[in-house]
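Please read the structure below before turning to the comments.
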Amino acid sequence: VPTPIPPPVPTPVPTRRRTPTPAPPAPTPAAGACPAECVASMSNGVTTCTWQNNTNGVVLPPPSTLVPVCRYFRNYGLFYYRWRKDTAPATLQPCPPTALYERSWGTQAYCVFYNRRRGLNIPSGATVDCSDLVSSGTFSYSYRS
57 VPTPIPPPVP
67 TPVPTRRRTP
77 TPAPPAPTPA
87 AGACPAECVA
97 SMSNGVTTCT
107 WQNNTNGVVL
117 PPPSTLVPVC
127 RYFRNYGLFY
137 YRWRKDTAPA
147 TLQPCPPTAL
157 YERSWGTQAY
167 CVFYNRRRGL
177 NIPSGATVDC
187 SDLVSSGTFS
197 YSYRS
């Protein structure tokens with residue numbers, strides 16, 4: 057009686073481990089894309105330049121006294137924030153270097169950012185965002201790089 061031939065035993069094939077591909081580094085804005093006192097970031101081809109309280113020499117008055125005004129940027133190339141002069145300590149650096157300190161209007165003091173002055177060169181088509189100034193101490197402008 058013939059005996060059945062056993063089926064061949066498969067030889068294990070070593071599996072190749074894939075070395076994970078590191079994620080590409082996050083893009084960074086070109087040097088000089090933002091004023092020195094700003095925090096520069098880039099995402100999806102958009103550069104954002106952010107002034108942040110207590111960062112790079114930016115010191116803001118108390119948040120409860122700040123009033124940001126960005127509505128004049130599109131037509132006049134300026135934006136500002138204001139506060140009551142009597143609420144800021146004497147040691148406060150009144151404005152970031154790219155802003156002009158204006159204190160001549162009654163009880164209010166102003167930091168005015170004029171595009172194309174004091175080293176502030178905001179590209180055409182940029183947008184300015186003051187919405188987080190009071191809540192988180194930041195304000196910024198963004199533009200497509």
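Going by the working numbering, the first residue of the sequence shown is number 57, and it counts up by one from there.
Don't be surprised by glycine CBs; every beta carbon is placed ideally from N, CA and C.
Computed from a predicted structure; not experimentally measured.
Best match in the options for proximity to residue i [C-alpha to C-alpha]
{"i": "W107", "options": "C151, Y132, G101 and P85", "result": "C151"}
{"i": "P85", "options": "R73, A79 and N100", "result": "N100"}
{"i": "Y132", "options": "P76, S120, S180 and S201", "result": "S180"}
{"i": "S120", "options": "T75, T59 and A144", "result": "A144"}
{"i": "L116", "options": "S191, P64 and R200", "result": "S191"}
Neighbour-count burial assignment, residue i, 16 or more Cβ in a 10 Å radius
{"i": "A92", "result": "exposed"}
{"i": "N171", "result": "buried"}
Distance between beta carbons of residue j and residue i, contact taken as under 8 Å
{"i": "P124", "j": "L189", "result": "4 Å"}
{"i": "G193", "j": "N112", "result": "Not really, about 13 Å apart at Cβ, beyond 8 Å."}
{"i": "L122", "j": "Y137", "result": "5 Å"}
Spatial neighbours of residue i in its chain, beta-carbon cut-off 6 Å, leaving aside the 5 residues before and after
{"i": "Y128", "result": "L134"}
{"i": "L156", "result": "V168"}
{"i": "I178", "result": "N171 and Y197"}
{"i": "S201", "result": "G101 and T103"}
{"i": "F195", "result": "W107, C186 and L189"}
Chain-order list of residues whose beta-carbon lies under 8 Å from that of residue i (same chain, five-residue window excluded)
{"i": "S198", "result": "V102, T103, T104, C105, A182, T183 and D185"}
{"i": "K141", "result": "R159, T163, Q164 and A165"}
{"i": "P153", "result": "P91, A92, E93, G113, R174 and G175"}
Sequence-distant residues of the same chain with beta carbon closer than 7 Å to residue i, five excluded per side
{"i": "T77", "result": "none"}
Residue i: CB within 7 Å of a non-hydrogen atom of the ligand ZN
{"i": "V184", "result": "What this structure holds is no ligand at all, so the ligand ZN is not there to describe."}
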